[in-house]
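What follows is one structure encoded as structure tokens, with my remarks underneath.
Numbering (the numbering used here), first residue to last: 518 to 753.
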């Protein structure tokens with residue numbers, strides 16, 4: 518079941534963001550990468566590639582959230598983004614370290630290089646957080662919370678049979694992290710903060726928030742898809 522069916526609220530700015538990116542989110546739901554992750558048929562080497570890229574991404578995302586914390590309008594909001602920044606860094610070190618170095622995945626082939634989607638996404642989030650208003654930066658950061666929560670909830674349901682047969686399946690830790698109540702609550706809180714920022718924004722800034730949310734959602738789609746269907750950098 519998708520979060521979009523569980524959160525029927527109306528009148529919220531974030532509802533408008535969710536509705537306006539429905540086509541992108543449908544494309545995310547249909548990704549072969551996520552379908553095969555859910556049914557356990559994703560090749561292990563592809564999952565390793567995804568985790569390596571996600572680890573690089575989270576390191577950059579943590580920096581973007583730290584910038585948001587520094588620009589927050591009040592201490593409570595700053596605390597949320599700062600704690601989220603620390604959590605992203607911790608996941609990058611612990612969860613990804615355990616999965617990548619635990620011996621269940623194929624060995625690493627050289628030093629991971631950021632993919633085109635990973636570098637583009639991280640660069641966009643950091644630049645937006647640093648150079649745009651707090652409200653626009655928060656809108657850009659929201660898809661990583663909200664779409665991951667949505668996807669994680671859906672994967673937990675589709676992967677139930679796989680995990681029942683093999684609780685130590687290497688995909689289990691990833692699925693349980695993003696379907697965990699703590700992460701779902703963080704996604705809901707991030708959404709509340711974006712709604713609060715939009716309430717204080719004028720029409721022009723709200724339009725910029727919508728554009729930022731849309732761009733970040735595009736990168737969410739590209740990030741997952743290129744793990745299975747990579748777009749190679751031109752040769753040096």
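All residues carry an ideal CB built from backbone N, CA and C; glycine is no exception.
For residue i, the nearest candidate out of the options (CA to CA)
i	options	result
residue 583	677, 600, 729 and 706	600
residue 535	689, 683, 727 and 621	727
residue 637	745, 676 and 571	571
residue 661	624, 703 and 533	703
residue 529	735, 709 and 730	709
residue 568	723, 691 and 674	691
residue 705	664, 608, 680 and 729	664
residue 678	566, 562, 558 and 659	558
residue 531	752, 730 and 746	730
residue 644	539, 682 and 577	577
residue 712	653, 682, 680 and 753	653
residue 723	748, 650 and 684	650
residue 698	680, 667, 579 and 628	667
residue 639	579, 682, 624 and 543	579
residue 746	538, 592, 602 and 633	633
residue 625	753, 566 and 680	566
residue 738	604, 752 and 543	543
residue 700	629, 604, 685 and 642	604
CA-to-CA distance, residue j to residue i, given in whole angstroms
i	j	result
residue 750	residue 694	31 angstroms
residue 555	residue 546	11 angstroms
residue 590	residue 655	12 angstroms
residue 550	residue 581	26 angstroms
residue 606	residue 616	15 angstroms
residue 673	residue 689	9 angstroms
residue 719	residue 725	10 angstroms
residue 588	residue 595	8 angstroms
residue 675	residue 553	10 angstroms
residue 539	residue 683	34 angstroms
residue 627	residue 671	33 angstroms
residue 458	residue 685	With the chain running from 518 to 753 in the structure shown, residue 458 is simply not present.
residue 752	residue 629	16 angstroms
Residue range of the alpha helix (DSSP H) that includes residue i
i	result
residue 629	Run containing residue 629: none; DSSP gives neither H nor E here.
residue 721	720-745
residue 581	561-587
residue 473	Limits of the chain in this structure are 518 at one end and 753 at the other, which puts residue 473 out of reach.
residue 748	No alpha helix (DSSP H) contains residue 748, which DSSP labels as neither H nor E.
residue 698	698-716
residue 647	633-648
residue 544	539-546
residue 556	549-556
Own chain, CB closer than 6 angstroms to residue i, minus 5 neighbours either side, in chain order
i	result
residue 631	573
residue 669	695 and 696
residue 733	657 and 660
residue 707	659 and 662
residue 602	579, 582 and 583
Sequence-distant residues of its chain with Cβ nearer than 7 angstroms to residue i (five each side left out)
i	result
residue 742	548 and 550
residue 735	541
residue 647	584
residue 715	530, 652, 723 and 726
residue 635	570, 573, 574 and 740
residue 744	550, 563, 566, 567 and 570
residue 598	582, 585, 586 and 589
Sequence-distant residues of its chain with Cβ nearer than 8 angstroms to residue i (five each side left out)
i	result
residue 687	561, 564, 616, 619, 621 and 622
residue 608	575 and 694
residue 518	In this prediction, residue 518 scores a pLDDT of 35, lower than 50, which makes its location untrustworthy; the coordinate-derived value is nonetheless stated afterwards. Closer than 8 angstroms at Cβ, skipping near neighbours: 670, 671 and 674.
Test: residue i CB closer than 8 angstroms to a CB of chain B
i	result
residue 627	The chain inventory of the structure shown lacks chain B, comprising one protein chain alone.
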